[in-house]
Structures are given as C-alpha cells and as structure tokens.
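Please read the structure below before turning to the comments.
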Amino acid sequence: MPAPPLRLGVNIDHVATIRNARGGRHPDPVRAAHMATAAGADGITAHLREDRRHISDRDIERLANEIQLPLNFEMAATPEMVAIALRHRPHAACIVPERREERTTEGGLDVAGQFDTLRPLVGRLVEAGIRVSMFIAADPVQLDAAKRLGAPVVELHTGSYCDHEGAERDRELARIVAAASHAEAIGLECHAGHGLSYDTVKPVAAIATIRELNIGHFLVGEAIFVGFETSIRHMRTLMDEGRRGAAA
Ligand code: PXP
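Just so you know, we're using my numbering here: the sequence shown kicks off at 112 and counts up by one.
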C-alpha cells in the first residue's frame, strides 16, 4: 500500500524579510504565495511575529483574502495573536514558541510545562473551527500533552536533525520517526518542518505517518539562484522521491 500523500506548505516569511530590508512593497509575499500555488504548493504558511520583523498584519489580511490555498497561520500563544487568528479565520494555526531575541523559532513549544496557559487559548481557536497544530520537539511527553490539550495536529521541529551531521543526525531522525509513530498511535496528525533543504528533506518525506512539511528559508534562499517556482518544484520532486521509499 502506498504511503498517504505528503503536503508541502510553503513558508513565505523571508520574502517579507527581504521586502522589509528596504521598507517598500517589493518583493511582495502575496505574489510569492501565488507563485507557490502555481508551483504546486498545497498550502501557504506565514508567521506573524510579535515584533513584526517579517510578515505584517496587512500581509496576513491579504493572504487570508486573496490566496486560494489553505493558510497556515504561525503564531505565539498570546491573546493578541488569538484575536488576529479569530478575525481572519485561517484554515490552520500553528502555535510556536517565540522569544524576541531569537533569530528563528529555536525550539519546540513546552506544551507540557505551559499546559494551563495554553489550554484556554487553544480551546478558543479549536472552537472557531481553526485546525490547531502545536510545534514541538520529537518528545512523547510533549505529544501526549498536545493530545490532552485537544489540538488535532502536531508539527515536529526538524531543526536539530538538519543542524547535525552523521551519527547525530541519524539519532535525531530516529527521534522524529519514533515521535511520528507515537503521534499516529494517539490519534494526532503529524507534520514536520524547520531548516529542511534539498539535502535533508528525503528521509523526513519517507516517514509515512508525516502528512505535511512546512518549508521556507531554504526555498526563498534558493530562489535567488534558480527562481522561486523552480526551487519549490525541485523540493516537491525530492519529497516525492523520498515518499516513494516510505513504508506505509
Ligand atoms: N514550521 C514552523 C512551525 C516554523 O516556525 C518554521 C519557521 O518559521 C518553519 C516550519 C519553516 O522553517 P524554515 O524557514 O527553516 O524552512
């Protein structure tokens, strides 16, 4: 039996990073979202950070109104972000940890440790019909906590798998494999992302219980050399090649 399909969510945050370097309108992340659609993306992901360092409130409004693909709104678990999510009703909301001083989302959310704070916020999003995912490390304690919280989806942080090499990378991958099967066993849909590139995507795509990958920085960086559509199409090809090796 073939593995279930693997969706590609294209994260367009860093198109906005380049735009913001000069403060004008170019390059436009909404145009990038349309290009990603044409290149075969299954969804668009954007993170409205508390400091608005890349995606802006206006970008989210335009993405919610103008794109055809499902929007995955990445957000910190704050009342401000919950209010924005409830205003725009994206298809999905991915709850991520956020610290102002970090360069990117450095680790997974401590769902177990912040359970009581997260519960009402996640509850409001779920009640509004938004598909909530929790961005967590590949750790069974966090998966179980996400399940108890009532989130239907988890996204596993692949950053340390991508940052390491050799035996350490293999160990990180084994953790992701184990976490993805634990997610399935307890009835959570499993996604993955962060730091994925042409070099690292295939083994993750080969994990049959992972249903979606969210990829951004590498695709936008590679677009400088080959164009955005080409970078997305090549990533899609590698994902499909990896998926063919999946044990269903
Ligand atoms: N998934 C989540 C939850 C993220 O926060 C990010 C980064 O914004 C990504 C995926 C994509 O990571 P990258 O830009 O490194 O591909």
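We put the beta carbon where it would ideally sit given N, CA and C, even for glycine. Just so we're clear, the structure is a prediction, and the values are computed from it rather than from any experiment.
Residue 214, buried or exposed, once every other Cβ within 10 Å from all chains shown has been counted against 16:
So residue 214 ends up on the exposed side.
Start-to-end residues for the beta strand (DSSP E) that takes in residue 204:
That run of the beta strand (DSSP E) goes 203-206.
Touch check for the stretch 263-277 and the stretch 236-254: three-plus C-beta pairs under 8 Å?
As far as the Cβ criterion goes, the stretch 263-277 touches the stretch 236-254, which means the pair count is three or higher.
What's the gap between the Cα of residue 373 and the Cα of residue 347?
Nothing about residue 373 can be read from this structure; the chain reaches only from 112 to 359.
Could you tell me the distance, in whole angstroms, from the CA atom of residue 162 to the CA atom of residue 146?
One C-alpha to the other measures close to 27 Å.
So, with DSSP's three-state summary, where would you put residue 186?
The answer is strand: DSSP assigns residue 186 an E or B state.
Look at the alpha carbon of residue 193 and the alpha carbon of residue 253, and state the distance between them as a whole number of angstroms.
The alpha-carbon atoms of residue 193 and residue 253 are separated by roughly 21 Å.
With respect to the alpha helix (DSSP H) encompassing residue 79, which residues constitute its N-terminal and C-terminal limits?
It is not possible to answer for residue 79, since the shown part of the chain is limited to 112 through 359.
Is any non-hydrogen atom of the ligand PXP found closer than 7 Å to the C-beta of residue 266, if you look at the structure I gave you?
Yes, the Cβ of residue 266 comes within 7 Å of a heavy atom of the ligand PXP.
Between residue 153 and the ligand PXP, is there a pair consisting of the residue's CB and a ligand heavy atom that are separated by less than 7 Å?
At a threshold of 7 Å, residue 153 does not count as near the ligand PXP, since its beta carbon sits no closer than that to any of the ligand's heavy atoms.
Express the C-alpha separation of residue 178 and residue 306 in angstroms, rounding to a whole number.
Those two C-alpha atoms are separated by around 25 Å.
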